[in-house]
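Below: one structure, written as structure tokens.
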Amino acid sequence: MNQTYIFDMDGTLFQTDKILEISLKDTFHYLKSLGKWDSVTPIEKYREIMGVPLPKVWEALLPQHQNEDRELANDYFLNRLIENIREGKGALYPHVREIFRYLRENNCSIYIASNGLIDYLNAIVDYYELDTWVTETFSIEQIQSLDKVDLVQLIVEKYRVREAVVVGDRLSDIKAAKQNGLTAVGCNFDFAREEELVEADIVIDDLRELKGILPNES
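Heads up, the sequence shown stops at 218 in the UniProt record's numbering, and the numbers go up one at a time, no gaps.
Next comes the structure, spelled out in structure tokens:
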């Protein structure tokens, strides 16, 4: 068997919500201290757009601000996320290590394709030692289009993947699978939306369910 699994990170492997709120509050408190924000932290707005690349996040959260302010917020937010990861304030979803171990024992290849930035992803991979099982982690920063379809295509081409399962919680993951001719598994986790998950080939509520869809050797 040479099955490939491509996982999303935020909301699929990593419980981003555990560090999201505190990091976002830190960032908007910082903007307030600079006189660049005078309202409440837009946490709900961020949850609505969770999963899109960070540059698009700041366009949505700071629509009236200049690009330099968005870049300032982006850099500060990223630093706070990384510090909170390194301080152990985040967490993987239940059974991530178990399913990774199982897939590797069944000769499957594992990759991560995320809209997260490189430094952020490296902090998670390093802290939780995910490279024990993951062959390579890919960031949206590697793709000029900032489109996860193209990011997954990069993995397919680099590793000459013939068949693969893309596992994620948002429509961008499902589209990335479908438009590359791959199987889409939707994770019904924290940030998932029912209207998006209906587009997936399979929907799971627990990562251990992946064991049930592992193809048999022919």
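We put the beta carbon where it would ideally sit given N, CA and C, even for glycine.
Query: Among the residues of its own chain, which have a CB less than 7 Å from the CB of residue 117, if the five just before and after it don't count?; Result: 54, 78, 139, 141
Query: Name the residue from 91, 93, 127, 108 whose alpha carbon lies nearest to the alpha carbon of residue 213.; Result: 108
Query: I need the boundaries of the alpha helix (DSSP H) containing residue 225, first residue and last residue.; Result: Outside the modelled stretch of the chain, which goes from 1 to 218, sits residue 225, for which no answer is possible.
Query: Between residue 14 and residue 21, what straight-line distance do the alpha-carbon atoms span, to the nearest angstrom?; Result: 14 Å
Query: Kindly provide the ranges of any beta strand (DSSP E) runs that are 3 or more residues long and lie completely inside the region 111 to 176, ordered along the chain.; Result: 136 to 139, 164 to 168
Query: Using DSSP's beta-bridge definition, name the partner residues of residue 92.; Result: 14
Query: Which residues share a DSSP beta bridge with residue 7?; Result: 112, 167
Query: Which first and last residues belong to the beta strand (DSSP E) in which residue 203 is found?; Result: 202 to 204
Query: Please classify residue 185: does DSSP put it in a helix, a strand, or coil?; Result: strand
Query: Hey, could you find the ends of the alpha helix (DSSP H) residue 195 is sitting in?; Result: 194 to 197
Query: Following the continuous alpha helix (DSSP H) through residue 53, name the residue where it begins and the one where it ends.; Result: Premise fails: residue 53 is in no alpha helix (DSSP H) and is neither H nor E.
Query: Quick check on DSSP: helix, strand or coil for residue 37?; Result: coil
Query: Any idea if residue 196 is buried or exposed, counting beta-carbon neighbours within 10 angstroms, 16 or more meaning buried?; Result: buried
Query: Buried or exposed, going by whether 16 or more other CB atoms sit within 10 Å of the CB of residue 3?; Result: buried
Query: Report the CB separation of residue 9 from residue 121 in whole angstroms; it is logged as a contact under 8 Å.; Result: 6 Å
Query: Rounded to a whole number of angstroms, what is the C-alpha to C-alpha distance between residue 67 and residue 76?; Result: 14 Å
Query: Go ahead and pull the three-state DSSP assignment for residue 190.; Result: coil
Query: Shortest alpha-carbon distance to residue 147 belongs to which of 74, 43, 173?; Result: 173
Query: With a threshold of 16 other CB atoms inside 10 Å of the CB of residue 219, please say whether the residue is buried or exposed.; Result: The structure shown does not extend to residue 219, since the chain is modelled only from 1 through 218, so no value can be given for it.
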